[in-house]
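These notes concern the structure reproduced below.
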Amino acid sequence: MLTQSQVRQMQERVTQTLAQAAIVLTPQEQTQVEVVDFGLSELERTGLQLVIYINNDRYCAKELVMIPRQTCAQHRHPPLSETNPGKQETFRCRWGKVWLYVEGEPSQAFQARVPEGSESYYTIFHEIELHPGDQYTIPPNTWHWFQSGDEGAIVSEFSSPSYDEFDQFVDPRIYRFTKVAE
0 MLTQSQVRQM QERVTQTLAQ AAIVLTPQEQ TQVEVVDFGL SELERTGLQL
50 VIYINNDRYC AKELVMIPRQ TCAQHRHPPL SETNPGKQET FRCRWGKVWL
100 YVEGEPSQAF QARVPEGSES YYTIFHEIEL HPGDQYTIPP NTWHWFQSGD
150 EGAIVSEFSS PSYDEFDQFV DPRIYRFTKV AE
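Residues 0 to 181, numbered by numbering that gives the first Met the number 0, are exactly what the sequence shown covers, in order.
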């Protein structure tokens, strides 16, 4: 669980990071930065920050802002119905570096550091390294996780509609929506 103060501090940090990358947020967007700790209360290691520009029944666009070496836990976006195969997303690195792990042949050596104490919840290790300008599309229902490099990272996500409440995580301790203490 995070405190209101922790959320505000991270929102300010995200706003500053985006400004350094010449990505400007409106005052309203600055107060709506979603700070995600996955219910683990280890935001510096496991979590991410989201700026959601739009998410409707046709498409979604957002920024994923990560502090240095922050990890988004292994998850997938499962089918939601016979006509909805789940979210397909394209990640485009805008600033920093991010290591994306997807299903496939494990890489010989990988650069991310699995969060200590959570090793059993990371099961895929096919590494894709993204630098500014690089992008990768993740098909629906594909297990994936990612971690920023030593400077942090900004990744633009373009996807089909996002229904985060249906995301499936390997780690049973994870709660997708952050609880904030008053």
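All C-beta atoms in this analysis are idealised placements derived from N, C-alpha and C, irrespective of residue type, glycine included.
- Considering only A21, K178, Y121, R12, the residue with the shortest C-alpha distance to I66 is R12.
- In this structure F176 is exposed. Its beta-carbon is surrounded by fewer than 16 other beta-carbon atoms within 10 angstroms.
- In this structure M9 is buried. Its beta-carbon is surrounded by 16 or more other beta-carbon atoms within 10 angstroms.
- A buried status is given to T14, since no fewer than 16 other beta-carbon atoms sit within 10 Å of its beta-carbon.
- Across the structure, S80 and P139 are spaced so that their CA atoms are roughly 12 Å apart.
- The continuous beta strand (DSSP E) containing S147 extends over residues 143-158.
- Rounded to whole angstroms, T30 and S119 show a C-alpha spacing of 35 Å.
- Note on E62: 16 or more other CB atoms within 10 angstroms of its CB, so buried under the neighbour-count rule.
- Secondary structure note for A18: its alpha helix (DSSP H) is the uninterrupted segment 3-19.
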